[in-house]
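The C-terminal residue of the sequence shown carries number 281 in our numbering, and the numbering is unbroken.
Ideal Cβ placement from N, Cα and C applies to all residues, glycine included.
None of the values given here were measured: they were computed from a predicted structure.
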Amino acid sequence: MPEILLTGFQPYGGRQLNPSAEIVRALDGTKIGGCLVRGMLLPVSFQAAKQPLDDAIAEHHPAVVVSTGLWPGEPVIRLERVAVNRASFEMPDNDGQRPLDENVDSEGPVARAVTLPVGTIIPALREKGIPARTSDTAGTFLCNTTLYRALGACERIGTGARCGFVHLPYLPQQVAALLDDLSSEGRLELHQRADLASMCFDMMLDAVSTTLALSLDPD
Numbered sequence: 063m064p065e066i067l068l069t070g071f072q073p074y075g076g077r078q079l080n081p082s083a084e085i086v087r088a089l090d091g092t093k094i095g096g097c098l099v100r101g102m103l104l105p106v107s108f109q110a111a112k113q114p115l116d117d118a119i120a121e122h123h124p125a126v127v128v129s130t131g132l133w134p135g136e137p138v139i140r141l142e143r144v145a146v147n148r149a150s151f152e153m154p155d156n157d158g159q160r161p162l163d164e165n166v167d168s169e170g171p172v173a174r175a176v177t178l179p180v181g182t183i184i185p186a187l188r189e190k191g192i193p194a195r196t197s198d199t200a201g202t203f204l205c206n207t208t209l210y211r212a213l214g215a216c217e218r219i220g221t222g223a224r225c226g227f228v229h230l231p232y233l234p235q236q237v238a239a240l241l242d243d244l245s246s247e248g249r250l251e252l253h254q255r256a257d258l259a260s261m262c263f264d265m266m267l268d269a270v271s272t273t274l275a276l277s278l279d280p281d
């Protein structure tokens with residue numbers, strides 16, 4: 063049976079949850095468009111996240127590879143269109159490492175373009191009432207690194223897979239916990255906060271499921 067590789071990340075930065083991990087757990091083992099969804103959680107580690115991703119693509123030759131990750135403060139579903147060959151972390155990863163102005167791949171191109179049908183997916187999500195937009199920057203943290211590596215692996219291994227990245231907002235319970243923390247620290251100024259946006263889990267799940275299904279459709 064053809065497979066879809068769906069990746070997410072473990073919690074990081076002191077957070078107890080990562081919506082991408084919850085999405086992966088929910089879809090792992092399900093079937094979409096006649097394909098088995100193979101979910102995989104990646105460590106939030108510049109070094110340790112690379113090999114499992116490469117191995118999964120090489121072993122299973124998925125038809126579609128979609129990685130997901132959290133973008134704190136993002137109010138909508140965000141489909142990335144490009145990954146850059148740059149790792150410059152604003153905070154350490156879960157191994158305590160913090161690459162600054164490093165190449166993701168010393169021999170790779172400056173950038174790689176995603177191969178998902180983003181122009182089809184975005185209007186389809188909006189038609190379902192799911193707020194979504196495209197983005198031309200996946201940042202310089204591990205989300206961008208993973209997208210760059212996944213695109214490179216698909217090209218190198220020659221799977222012909224469609225490959226891309228979906229950024230997710232906070233879950234509502236994450237924002238509730240953040241508000242508790244801010245209140246206890248006396249730093250709660252709602253009119254100045256730009257990072258309190260969230261989206262319910264079911265809408266995120268629908269968005270990712272739809273993205274996977276449409277990525278299987280021929281042009």
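Taking 9 Å as the CB-CB limit, is residue i close to chain D?
{"i": "P171", "result": "Within the model displayed, chain D is absent; a lone protein chain is all it includes."}
Taking residue i as the reference, which of the options has the closest Cα?
{"i": "A83", "options": "L187, P105 and E65", "result": "P105"}
{"i": "W133", "options": "E152, L67 and D268", "result": "E152"}
{"i": "T273", "options": "R211, T130, V237 and N206", "result": "T130"}
{"i": "H123", "options": "R77, S150, V172 and R100", "result": "R100"}
{"i": "L213", "options": "F71, S260, D116 and G76", "result": "D116"}
{"i": "G95", "options": "M63, F71 and C216", "result": "M63"}
{"i": "L204", "options": "P73, L98, Q236 and L67", "result": "P73"}
{"i": "Q188", "options": "A88, I66 and M265", "result": "Checking the displayed sequence, the identity of residue 188 turns out to be Arg instead of Gln. R188 has its Cα closest to that of M265, out of A88, I66 and M265."}
{"i": "L230", "options": "G70, P114 and I66", "result": "G70"}
Buried or exposed for residue i, please, with buried defined as at least 16 other CB atoms from any protein chain shown within 10 angstroms of its CB.
{"i": "V166", "result": "buried"}
{"i": "S246", "result": "exposed"}
{"i": "P280", "result": "exposed"}
{"i": "R174", "result": "buried"}
{"i": "D257", "result": "exposed"}
{"i": "C225", "result": "buried"}
{"i": "S277", "result": "buried"}
Per the DSSP calculation, residue i is bridged to which residue(s)?
{"i": "I139", "result": "A194"}
{"i": "S260", "result": "Y232"}
{"i": "C216", "result": "Answer is none; C216 lacks a bridge partner."}
{"i": "L115", "result": "L115 pairs with nothing; no bridge assigned."}
Does DSSP classify residue i as helix, strand or coil?
{"i": "R148", "result": "coil"}
{"i": "Y74", "result": "coil"}
{"i": "S129", "result": "strand"}
{"i": "V166", "result": "coil"}
Touching by the beta-carbon criterion (3+ pairs, under 8 Å), the segment 131-144 and the segment 188-199: yes
If you pair each beta-carbon of the segment 104-121 with each one of the segment 157-172, do three or more pairs fall below 8 Å? yes
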